[in-house]
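In the numbering used here, the protein residues as written are 1202 to 1340. Reading through the structure tokens given below for one structure.
Right under this line is the structure:
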């Protein structure tokens, strides 16, 4: 009986480690996206834009290229924050711009925070800027 419990505990720990490590993304594109969505957007935003538009209210940040930012988000963030920004493993981001400034969002993406890994080595500074400005427009 005790041996079965040890195996169950071991299997549980392995599954937990795999699930948590998946949140890091492991996508090492080093900014090779080039700011395009490679045609995968097809003119739709799959509900992730929440009414934000290019150049919309982005809390004083730079211009928002929503298509490029959504492509970056889809490649790196949906595993923890969901396609519609509603969260799951990570927090809900649907109104993150109402709570955090562009600089705070940028610092979180760059350096990580809590359970979120740093993306300074996975994303270019231009990609981080684009994603930060887009997320800041979510209010």
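Think of the CB as a built atom: it goes at the ideal place given N, C-alpha and C, for glycine as much as any other residue.
Legend entry - Proximity of residue 1307 and residue 1333 at Cβ, strictly below 8 Å: For the purposes of this step, residue 1307 is identified with residue 106 of the chain shown, where counting begins at 1. For the purposes of this step, residue 1333 is identified with residue 132 of the chain shown, where counting begins at 1. Closer than 8 Å, so yes.
Legend entry - Whether residue 1270 touches residue 1302 by CB criterion (8 Å): Numbered from 1 along the chain shown, position 69 holds the residue referred to as residue 1270. Numbered from 1 along the chain shown, position 101 holds the residue referred to as residue 1302. No, the Cβ-Cβ distance between residue 1270 and residue 1302 is not below 8 Å.
Inset, instruction - Please name the residue in 1272, 1330 and 1291 whose C-alpha comes closest to that of residue 1281. - result: As a first step, residue 1281 is located in the chain shown; it is residue number 80 there, counting from the start. The alpha carbon of residue 1281 has as its nearest neighbour, out of 1272, 1330 and 1291, the alpha carbon of 1291.
Inset, instruction - State the DSSP-derived secondary structure class of residue 1339, mapped to helix, strand or coil. - result: Numbered from 1 along the chain shown, position 138 holds the residue referred to as residue 1339. DSSP places residue 1339 in coil when its eight states are reduced to three.
Inset, instruction - Scan the stretch 1283-1317 and note each continuous alpha helix (DSSP H) run of 4 residues or more that stays entirely inside, going in chain order. - result: Complete alpha helix (DSSP H) runs here, min 4: 1297-1300 and 1303-1312.
Legend entry - Host alpha helix (DSSP H) of residue 1272 (start-end): Position 71 of the chain shown holds residue 1272. Taken as a continuous stretch (DSSP letters only), the alpha helix (DSSP H) holding residue 1272 covers 1267-1277.
Legend entry - Candidates 1310, 1204 and 1210, of which the one nearest residue 1328 by Cα: Walking along the chain shown from the start, residue 1328 turns up at place 127. Of the candidates 1310, 1204 and 1210, the one whose C-alpha sits nearest the C-alpha of residue 1328 is 1310.
Legend entry - Inter-residue Cα distance where the pair is residue 1331 and residue 1211: Reading the chain shown from its first residue, position 130 is the one you call residue 1331. Reading the chain shown from its first residue, position 10 is the one you call residue 1211. Approximately 41 Å between the Cα atoms of the pair.
Inset, instruction - Can you say whether residue 1209 is buried or exposed, counting buried as having 16 or more other CB atoms within 10 angstroms of its CB? - result: Position 8 of the chain shown, counted from the first residue, corresponds to residue 1209. With fewer than 16 other CB atoms across the displayed protein chains lying within 10 angstroms of its CB, residue 1209 is exposed.
Legend entry - Pair within 8 Å by beta-carbon distance, residue 1324 and residue 1277: The sequence position of residue 1324 within the chain shown is 123, counting from 1. The sequence position of residue 1277 within the chain shown is 76, counting from 1. In this structure, residue 1277 lies closer than 8 Å to residue 1324 by Cβ.
Inset, instruction - Rounded to whole angstroms, what's the CA-CA distance from residue 1265 to residue 1215? Just pull it up for me. - result: On the chain shown, residue 1265 is found 64 positions in, with the first residue counted as 1. On the chain shown, residue 1215 is found 14 positions in, with the first residue counted as 1. Straight-line Cα distance between these residues: approximately 40 Å.
Inset, instruction - Can you tell me which of the three DSSP states residue 1333 falls into? - result: Mapped onto the chain shown, residue 1333 falls at position 132. DSSP places residue 1333 in helix when its eight states are reduced to three.
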